[in-house]
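Student:
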Amino acid sequence: MSGRRSREDWIAAGLHALLNEGPDAVAVQPIARSLGATKGSFYWHFDSRDDLLRAVLARWETVATHDVIAELEASEAAPEEKVRRLFAAVTAGSARHPGQLLLLGGVHHPDVAAAVERTTERRIGYVARLLGETGVPPTVAVRRATLAYAAYLGHAQLLRTTPGVLPSKAEERGKLIEEMTAIVLVKDAHRKNR
Numbered sequence: 000m001s002g003r004r005s006r007e008d009w010i011a012a013g014l015h016a017l018l019n020e021g022p023d024a025v026a027v028q029p030i031a032r033s034l035g036a037t038k039g040s041f042y043w044h045f046d047s048r049d050d051l052l053r054a055v056l057a058r059w060e061t062v063a064t065h066d067v068i069a070e071l072e073a074s075e076a077a078p079e080e081k082v083r084r085l086f087a088a089v090t091a092g093s094a095r096h097p098g099q100l101l102l103l104g105g106v107h108h109p110d111v112a113a114a115v116e117r118t119t120e121r122r123i124g125y126v127a128r129l130l131g132e133t134g135v136p137p138t139v140a141v142r143r144a145t146l147a148y149a150a151y152l153g154h155a156q157l158l159r160t161t162p163g164v165l166p167s168k169a170e171e172r173g174k175l176i177e178e179m180t181a182i183v184l185v186k187d188a189h190r191k192n193r
């Protein structure tokens, strides 16, 4: 690449680094190299590495949470189908972007910690809302949504550390998603556990 890089170019390259290698990879020198830019050109757009990191985290929150929810909400699907679609989307995303799990390891940085907390709350809250729309009581919906999110993180960890234990065929991956959906959406299990 050659020519002047825009702020958007830096954010896009930072997001790529974040999603593939985690928050520590959002560093000026490697990103400048990947863009074919000088380190000095970085300072036309950002005051510091933390400034870039905040912009990248904001973009991550948008594309990995807000946009996913907006797409599901734009559909006329029933809440159960939205949950199913969400699980399919996030498990596929875990396979494509292993660095998302590394964000959890970056929570020592206050900006990363804040972004992870906001995103986790938003994701769990959205799933809880969908479950509530299916008739699950609010407290049970939050517990199930938290369980579903923990399963998502566990799936991402397995993909990263021991991918051989997960189904390799699309049909089997689909069955795994269906099983998780069925567990979260199970009817009447909440009657004893209010």
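Position 76 of the sequence shown, counting from 1, maps to 75 under numbering that gives the first Met the number 0, and the rest follow consecutively.
Virtual Cβ for every residue (Gly too), placed ideally from N, Cα, C.
(1) Determine the extent of the alpha helix (DSSP H) in which W43 is found, giving its start and end residues.
(2) Quick one: Cα of D49 to Cα of E170, how far?
(3) Please state whether DSSP places L34 in a helix, a strand or coil.
(4) Give the DSSP-derived three-state secondary structure of E132 in the structure shown.
(5) Please state whether DSSP places E178 in a helix, a strand or coil.
(6) State the DSSP-derived secondary structure class of V124, mapped to helix, strand or coil.
(7) Give me, in chain order, the residues of the same chain whose beta-carbon lies closer than 6 Å to that of Y115; leave out the 5 immediate sequence neighbours on both sides.
(8) For the candidate residues I30, P136, V164, A155, whose alpha-carbon lies nearest to that of F86?
(9) Evaluate the contact criterion for the region 31 to 42 versus the region 55 to 66: three or more CB pairs, one atom per stretch, below 8 Å.
(10) Under three-state DSSP, which class holds V185?
(11) Would you kindly check if the distance between the Cβ of L18 and the Cβ of V25 is under 7 Å?
(12) By Cβ distance, which residues of its chain are closer than 8 Å to T180, with the 5 residues on each side in sequence left out?
(13) Out of curiosity, what's the CA-to-CA distance linking R128 and V141?
(14) Any idea what DSSP makes of A155, helix, strand or coil?
(15) As a quick exercise: from R121, F45, K168, pick the residue whose alpha carbon is nearest that of T145.
(16) Cα-Cα, which of G163, E132, T160 is closest to L184?
Tutor: Taking the coordinates as given:
(1) Segment: none, W43 is in no alpha helix (DSSP H) and carries neither H nor E.
(2) 43 Å
(3) Residue state, collapsed to three classes: helix.
(4) helix
(5) helix
(6) According to the sequence provided, residue 124 is Gly. The question's Val does not apply to it. G124: helix per DSSP, three-state reduction.
(7) The sequence given here places Val at residue 115; Tyr does not occur at that position. Closer than 6 Å at Cβ, skipping near neighbours: L102, V106.
(8) A155
(9) Because the criterion of three Cβ pairs below 8 Å is not met, the region 31 to 42 and the region 55 to 66 do not touch.
(10) coil
(11) no
(12) E79, V82, R83, F86
(13) 8 Å
(14) helix
(15) R121
(16) E132
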